[in-house]
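Down below is the structure, laid out as structure tokens.
In UniProt numbering, the protein residues as written are 1 to 316.
Pasting the structure below:
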């Protein structure tokens with residue numbers, strides 16, 4: 001699931017990609033991929049809000065022009081198995097696979113794979129570029145967090161592979177939740193899985209862990225408030241809730257309940273005010289959680305839920 005700059009929410013259910021236009025409220029089906037390629041395992045809007053990248057279980061990555069519902073190209077041979085993570089940096093689409101590889105793909109050129117980052121021994125389950133596009137954070141099923149810097153020379157030039165800036169081993173479970181701070185460029189928040197349960201904050205210039213908070217449950221995703229110093233986390237067992245934290249005190253401001261199974265994904269509207277959450281309980285919920293500086297913040301609440309009745313066990 002991803003919410004693009006043109007205010008369209010993309011939701012993958014099994015083999016099918018749906019688009020929900022938040023401005024008009026209309027829903028459309030972009031594509032149902034062939035069964036041999038599916039299910040869809042990741043999705044990410046390009047910065048222009050028009051082009052959409054779709055990662056598949058088969059290891060292929062499709063690039064779509066959503067304005068014309070046209071498949072522009074398919075990137076093949078990038079990974080050996082499913083593509084579980086995608087992140088854009090201008091014209092570079094960074095892909096993370098179950099094979100542990102991270103690849104920068106320049107979608108403008110034929111030989112698109114221009115750089116490879118190797119540091120994970122298991123699936124790459126989280127990828128996020130910093131706002132400046134200078135640093136890439138990757139989280140793995142091997143419990144590792146890596147920070148990569150584009151300015152670092154390749155450690156293996158002949159193979160086009162880059163060495164990490166920081167290799168951080170503090171988490172004790174898979175690192176899926178990653179969020180770069182919008183008001184401090186070198187501040188990264190990360191969340192660990194079921195046997196870790198912690199939100200950690202990092203200075204990515206030095207690699208120092210600034211703080212660690214035990215949330216009591218699996219951290220599935222993280223989002224910063226774009227307008228105020230707040231962080232939203234979504235969780236799995238046992239509470240299956242969303243928690244709003246004040247930063248840097250990490251005082252709980254609100255707990256948003258309603259989901260009955262783990263909250264796998266969150267996506268933020270372009271204006272930063274609304275958050276969509278998708279859960280294994282087969283619901284998609286919208287929360288009026290973040291206010292703007294000019295408008296008094298409403299009490300966090302679910303604005304509406306539902307939309308899709310298909311199984312959300314395969315939502316991406």
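Virtual Cβ for every residue (Gly too), placed ideally from N, Cα, C.
In whole angstroms, what is the alpha-carbon distance linking residue i and residue j?
i           : j           : result
residue 233 : residue 60  : 30 Å
residue 318 : residue 129 : Only positions 1 to 316 of the chain appear in this structure, which leaves residue 318 out of reach.
residue 124 : residue 21  : 30 Å
residue 249 : residue 17  : 39 Å
residue 23  : residue 169 : 42 Å
residue 184 : residue 227 : 13 Å
residue 69  : residue 52  : 10 Å
residue 26  : residue 116 : 39 Å
residue 265 : residue 33  : 21 Å
residue 238 : residue 221 : 15 Å
residue 112 : residue 196 : 36 Å
residue 319 : residue 101 : Residue 319 cannot be examined here, being either before or after the span of the chain that is shown, 1 to 316.
residue 263 : residue 49  : 25 Å
residue 217 : residue 235 : 6 Å
residue 79  : residue 279 : 27 Å
residue 151 : residue 134 : 7 Å
residue 127 : residue 46  : 14 Å
So with Cβ pairs under 8 Å, would you call residue i a contact of chain B?
i           : result
residue 144 : Protein chain content of the structure displayed is limited to a single chain, and chain B is not contained in it.
Here's the rule: buried if 16 or more other CB atoms are within 10 angstroms of the residue's CB, otherwise exposed. What is residue i?
i           : result
residue 230 : buried
residue 200 : buried
residue 176 : buried
residue 90  : exposed
residue 13  : buried
residue 309 : Reliability fails at residue 309, whose pLDDT of 44 lies under 50, so the model's placement of it is uncertain and the value that follows must be treated cautiously. When all chains shown are included, residue 309 counts as exposed.
residue 95  : buried
residue 208 : exposed
residue 110 : exposed
residue 39  : buried
Is residue i helix, strand or coil when you go by DSSP?
i           : result
residue 125 : strand
residue 23  : coil
residue 62  : strand
residue 157 : With a pLDDT of 47 at residue 157, under the threshold of 50, the modelled position of that residue is not reliable, and no figure is offered here.
residue 164 : coil
residue 51  : strand
residue 17  : strand
residue 211 : strand
residue 291 : coil
residue 326 : Not covered by the structure: residue 326. The range shown for the chain is 1 to 316.
residue 198 : strand
Checking 8 Å against the spacing of the C-beta atoms, do residue i and residue j come in under that value?
i           : j           : result
residue 145 : residue 137 : yes
residue 149 : residue 120 : no
residue 241 : residue 223 : no
residue 3   : residue 276 : yes
residue 204 : residue 147 : yes
residue 57  : residue 74  : no
TODO: Check whether the region 208–216 touches the region 241–259, taking contact to mean three or more Cβ pairs, one atom from each stretch, closer than 8 Å.
DONE: Contact holds: three or more Cβ-Cβ distances are below 8 Å.
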